[in-house]
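K.L.:
Following UniProt numbering, the numbering of the sequence shown begins with 1 at its first residue and continues without gaps.
I have a structure I would like to understand better, so I am pasting it below and will then ask my questions one at a time.
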Amino acid sequence: MQVWAVANQKGGVGKTTTAISLAGLLAEVGYRVLLVDLDPHGSMTSYFRYDPDELERSVYDLFSQTRVDAEQVRELILDTSHDSIKLIPASTALATLERKAVAQEGMGLQVAKALRHLQAEYDYVLIDSPPVLGVLMVNALAACSHLLVPVQTEFLALKGLERMVRTIQMINRARKNKLPFTIVPTFYDRRTQASVNSLRELHAHYPEHLSNAVVPVDTKFRNASLKGLVPSSLDAGSRGVHAYARLLRSLLEPREQE
Ligand SMILES: Nc1ncnc2c1ncn2[C@@H]1O[C@H](COP(=O)(O)OP(=O)(O)OP(=O)(O)O)[C@@H](O)[C@H]1O
Ligand SMILES: [Mg+2]
1 MQVWAVANQK GGVGKTTTAI SLAGLLAEVG YRVLLVDLDP HGSMTSYFRY
51 DPDELERSVY DLFSQTRVDA EQVRELILDT SHDSIKLIPA STALATLERK
101 AVAQEGMGLQ VAKALRHLQA EYDYVLIDSP PVLGVLMVNA LAACSHLLVP
151 VQTEFLALKG LERMVRTIQM INRARKNKLP FTIVPTFYDR RTQASVNSLR
201 ELHAHYPEHL SNAVVPVDTK FRNASLKGLV PSSLDAGSRG VHAYARLLRS
251 LLEPREQE
């Protein structure tokens, strides 16, 4: 089982879309995929037509006790529109967690520990995280073996990314191995100077981390979310899906990444 997290301290850069798009493509090649929604807003949960305000069980339950057994983790898992994609949903209760976690030691590994129980059941786990550095993002970064950082190709894109890179460096001090990460340029529009310039800057500053797949602005993503379908089920030929397929190929070829 491989665990990938998607994070950036900036909001609205395509984190949830990246996680869901990759999940769809992984499922299509036959992998068993689990999505974990760690964002209190629950966009990923809502995407699959669950209401984060109404759910009785959610990822929040992993934080309400120090030890969670395999059965308790399995009880959190919901179906999605795709047979081989399952979801551990978020609930709005997650928003109260930051305050509580400060008082409790060892809350940074709750998700990592829970996922260990599912080792044999899934091939890929994709964790969506909130755009805030806190206990939820720390859990996502601690649980994963690879991090995806979507970056919107716009004016000052690099500024927001620098904060995220500092967070990765901080996390690396507590890890045995450095967390590998891939920067995924999103909302690319080659007709705008801001997109072209920011992609050039990303290339200049982070050549070894920059994905060669660039995700264009594509309205199909919104259409897919309105239907609750993964983008590749709605339109496998769209430019956006092509970009995520290219990203996925590079992630699945680890030697090319090194
Ligand atoms: N490449 C794209 N082209 C056009 N629209 C996109 C693209 N990627 C995402 N979107 C749309 O932009 C909005 C924000 O995307 P998304 O929810 O994935 O961002 P996010 O980083 O998860 O946001 P948040 O920080 O609020 O969680 C959504 O409505 C999504 O459908
Ligand atoms: Mg999101």
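Heads up, the beta-carbon is just placed ideally off N, CA and C, and yes, glycines get one too.
Note that the structure is a prediction, hence the values are computed from the model and not measured.
Three-state secondary structure (DSSP) at Ile168?
P.N.:
DSSP places Ile168 in helix when its eight states are reduced to three.
K.L.:
Can you tell me the Cβ-Cβ gap for Leu148 and Glu201, rounded? I've got them flagged as a contact below 8 Å.
P.N.:
Incorrect: roughly 19 Å between the Cβ atoms, too far for contact.
K.L.:
Can you name the start and end residues of the beta strand (DSSP E) that Lys86 belongs to?
P.N.:
Counting along the chain, the beta strand (DSSP E) containing Lys86 begins and ends at Ile85 to Ile88.
K.L.:
Please list the segments of the alpha helix (DSSP H) lying wholly inside the stretch 95-158, counting only runs of 4 or more residues, in order along the chain.
P.N.:
Taking only runs of at least 4 residues, the alpha helix (DSSP H) segments lying wholly in the stretch 95-158 are 97-103, 110-116 and 135-143.
K.L.:
Report back the beta-carbon spacing between Val13 and Ile127 to the nearest angstrom; my notes put them in contact at under 8 Å.
P.N.:
Not really, about 16 Å apart at Cβ, beyond 8 Å.
K.L.:
Under the assumption that Ala213 contacts Ser250 (Cβ atoms under 8 Å), give the Cβ distance between them as a whole number of angstroms.
P.N.:
Correct: roughly 7 Å between the Cβ atoms.
K.L.:
Please give me, in chain order, every unbroken run of the beta strand (DSSP E) with length at least 3 that falls completely inside the stretch 4-89.
P.N.:
DSSP runs (the beta strand (DSSP E)) wholly in the stretch 4-89: 33-37 and 85-88.
K.L.:
When a residue counts only if its C-beta is closer than 5 Å to some heavy atom of ligand 2, which residues count, in chain order?
P.N.:
Going by the Cβ distance cut-off, the answer is Lys15, Thr16 and Ser43.
K.L.:
Comparing C-alpha positions only, which one of His146, Thr92 and Lys15 sits nearest to Glu253?
P.N.:
When each option's Cα is compared against that of Glu253, the closest is His146.
K.L.:
Taking a contact to mean a Cβ-Cβ separation below 8 Å, would you say Tyr188 touches Pro216 in this structure?
P.N.:
Taking 8 Å as the Cβ cut-off, Tyr188 and Pro216 qualify as a contacting pair.
K.L.:
Can you tell me which of the three DSSP states Phe181 falls into?
P.N.:
The answer is strand: DSSP assigns Phe181 an E or B state.
K.L.:
Would you identify the three-state DSSP class for Leu210, choosing helix, strand or coil?
P.N.:
Three-state result, Leu210: strand.
K.L.:
Looking only at its chain, what residues have a beta carbon closer than 6 Å to the beta carbon of Leu109, apart from the 5 residues adjacent to it on each side?
P.N.:
If we look at Leu109 and ignore the five residues flanking it on each side, its Cβ neighbours are Ala142.
K.L.:
For Pro216, list the residues DSSP reports as bridge partners.
P.N.:
According to DSSP, Pro216 bridges with Tyr188.
K.L.:
Give a yes or no on contact between the stretch 166-179 and the stretch 18-35, applying the rule of three or more CB pairs nearer than 8 Å.
P.N.:
They do not touch, by the three-pair rule.
K.L.:
Tell me whether Phe181, by its Cβ, gets closer than 7 Å to a heavy atom of ligand 3.
P.N.:
This structure does not include ligand 3; its bound ligands are ligand 1 and ligand 2.
K.L.:
Cα separation between Asn8 and Val241?
P.N.:
Rounded to the nearest angstrom, the two C-alpha atoms are 21 Å apart.
K.L.:
Tell me, which residues are paired with Gln2 by DSSP?
P.N.:
Tyr124, per the DSSP bridge assignment.
K.L.:
Which term fits Pro207, buried or exposed, when burial requires 16 or more other beta carbons within 10 angstroms of its beta carbon?
P.N.:
When all chains shown are included, Pro207 counts as exposed.
K.L.:
Under the assumption that Ser81 contacts Leu229 (Cβ atoms under 8 Å), give the Cβ distance between them as a whole number of angstroms.
P.N.:
Yes, they are in contact, since the Cβ atoms of Ser81 and Leu229 sit about 5 Å apart, within 8 Å.
K.L.:
Under 8 Å, with one C-beta from each stretch per pair, do the stretch 64-77 and the stretch 10-26 reach the 3-pair mark?
P.N.:
The stretch 64-77 is not in contact with the stretch 10-26.
K.L.:
Can you grab the Cα-Cα spacing for the pair Arg57 / His205, in whole Å?
P.N.:
The straight-line gap from Cα to Cα measures roughly 43 Å.
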